[in-house]
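Asker: Going line by line, the protein sequences match chains A and B.
So the first sequence is numbered by the working numbering: it starts at 4 and just counts up by one.
So the second sequence is numbered by the working numbering: it starts at 11 and just counts up by one.
Ideal placement from N, C-alpha and C gives every residue a C-beta, glycine not left out.
Here it is, the structure, as structure tokens.
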Amino acid sequence: AQSVTQLDSQVPVFEEAPVELRCNYSSSVSVYLFWYVQYPNQGLQLLLKYLSGSTLVESINGFEAEFNKSQTSFHLRKPSVHISDTAEYFCAVSDRSNYQLIWGAGTKLIIKP
Amino acid sequence: DGGITQSPKYLFRKEGQNVTLSCEQNLNHDAMYWYRQDPGQGLRLIYYSQIVNDFQKGDIAEGYSVSREKKESFPLTVTSAQKNPTAFYLCASSTGVSDYGYTFGSGTRLTVV
Numbered sequence: 004a005q006s007v008t009q010l011d012s013q014v015p016v017f018e019e020a021p022v023e024l025r026c027n028y029s030s031s032v033s034v035y036l037f038w039y040v041q042y043p044n045q046g047l048q049l050l051l052k053y054l055s056g057s058t059l060v061e062s063i064n065g066f067e068a069e070f071n072k073s074q075t076s077f078h079l080r081k082p083s084v085h086i087s088d089t090a091e092y093f094c095a096v097s098d099r100s101n102y103q104l105i106w107g108a109g110t111k112l113i114i115k116p
Numbered sequence: 011d012g013g014i015t016q017s018p019k020y021l022f023r024k025e026g027q028n029v030t031l032s033c034e035q036n037l038n039h040d041a042m043y044w045y046r047q048d049p050g051q052g053l054r055l056i057y058y059s060q061i062v063n064d065f066q067k068g069d070i071a072e073g074y075s076v077s078r079e080k081k082e083s084f085p086l087t088v089t090s091a092q093k094n095p096t097a098f099y100l101c102a103s104s105t106g107v108s109d110y111g112y113t114f115g116s117g118t119r120l121t122v123v
């Protein structure tokens, strides 16, 4: 069965520094991949997704993620973080056998001023 | 605008009482989901429904019940059998095909007093 691993439960980083949030999934079969963001006391919002085509996908607020099939990874990066990026980030992978999303445990991004 | 509405945002329950959390969507989505979120534990699936009048247990269904009488509505009842109901509850919906991901509501925070 498909599983998703987010290796870091928390990532502290200084404002304006780069950041990488790691996500690995278990199956090498064709998948759809997603990153969601959750601000405090809110629901999750879709940040970006990979369905097919270019392995590098971008969001409107400067995040990007690269699909790496050989390493079964979909790491999220941002070259310069802002205090407003403080949130929890969830990686998810589609299970195409039942059309459900399999979720990682989440990574809290903590921005230090 | 289309979306998912969860109500109430905050809910307090006395021990031994059943409470019902509301989830309504106007996205014309076929599938709907209920998740429970506890600190440090990510998202845990309680129940899901892929079509009206049908629903399936998720990973932590004990102490919960749902109904899906209308496409737009998927209420969750937290029964007195749920021993530790204090948590943040999230409702989501999807087209039923996973390539577009899920849309989430803003959540209900349930506290047992």
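1. On the DSSP bridge list, what partners appear for L59/A?
2. List the residues of chain B whose Cβ lies closer than 7 Å to the Cβ of F77/A, in chain order.
3. So who's on the other strand from R46/B, going by DSSP bridges?
4. Check S33/A in the structure and name its three-state DSSP category.
5. Which word fits H39/B, buried or exposed, when buried means at least 16 other C-beta atoms lie within 10 angstroms of its C-beta?
6. Indicate whether at least one CB of chain A lies closer than 8 Å to the CB of Y74/B.
7. So if DSSP puts L149/A in a beta bridge, which residue, or which two residues, is it bridged to?
8. Taking any Cβ of chain B, which residues in the region 6-37 of chain A have a Cβ under 9 Å from it, in chain order?
9. DSSP puts V96/A in a beta bridge; with which residues?
10. Can you tell me where the beta strand (DSSP E) holding L10/A begins and where it ends?
11. Suppose you measure from the CA of I61/B to the CA of S17/B; what does that come to, to the nearest Å?
12. When DSSP labels each residue in this structure, what does D64/B get in the three-state scheme?
13. Out of E79/B, A41/B, Y20/B, which has the shortest C-alpha to C-alpha gap to V122/B?
14. Let me confirm a value: T30/B is counted as buried when at least 16 other C-beta atoms fall within 10 Å, else exposed. Which label applies?
15. From N27/A, P82/A, Q48/A, pick the residue whose C-alpha is nearest to that of T113/B; which is it?
16. Label Q74/A either buried or exposed according to how many other C-beta atoms from any shown protein chain fall within 10 Å of its C-beta, with 16 as the threshold for buried.
17. Distance check for W38/A and S12/A, CA to CA, integer angstroms please.
18. Measuring CA to CA, which of G52/B, L37/B, N36/B, T118/B is closest to D69/B?
Answerer: In this structure, then:
1. Bridge partners of L59/A: E69/A.
2. Proximity of chain B to F77/A at the Cβ level (cut-off 7 Å) is not reached, the minimal Cβ distance being about 13 Å.
3. Answer is R54/B, Y99/B.
4. The three-state reading of DSSP puts S33/A in coil, since its state is none of H, G, I, E or B.
5. Answer is buried; the Cβ neighbour count reaches 16.
6. Chain A, which has no Cβ nearer than 8 Å to the Cβ of Y74/B, makes this no.
7. Only positions 4 to 116 of chain A appear in this structure, which leaves residue 149/A out of reach.
8. Shown in chain order are the members of the region 6-37 of chain A whose Cβ falls below 9 Å from a Cβ of chain B: Q9, S12, Y35, F37.
9. Beta-bridge pairing links V96/A to L36/A, I105/A.
10. Run containing L10/A: none; DSSP gives neither H nor E here.
11. Between I61/B and S17/B, the C-alpha separation is close to 22 Å.
12. Strand at D64/B.
13. Taking only the C-alpha atoms, the option nearest V122/B is Y20/B.
14. Around the beta carbon of T30/B, a 10 Å sphere encloses fewer than 16 other beta carbons of the protein chains shown; the residue is thus reported as exposed.
15. It is Q48/A whose Cα lies nearest to the Cα of T113/B.
16. The residue is exposed, with fewer than 16 neighbouring Cβ atoms inside 10 Å.
17. Near 15 Å, if we compare the C-alpha coordinates of W38/A and S12/A.
18. Looking at the Cα atoms, G52/B is the closest of the given residues.
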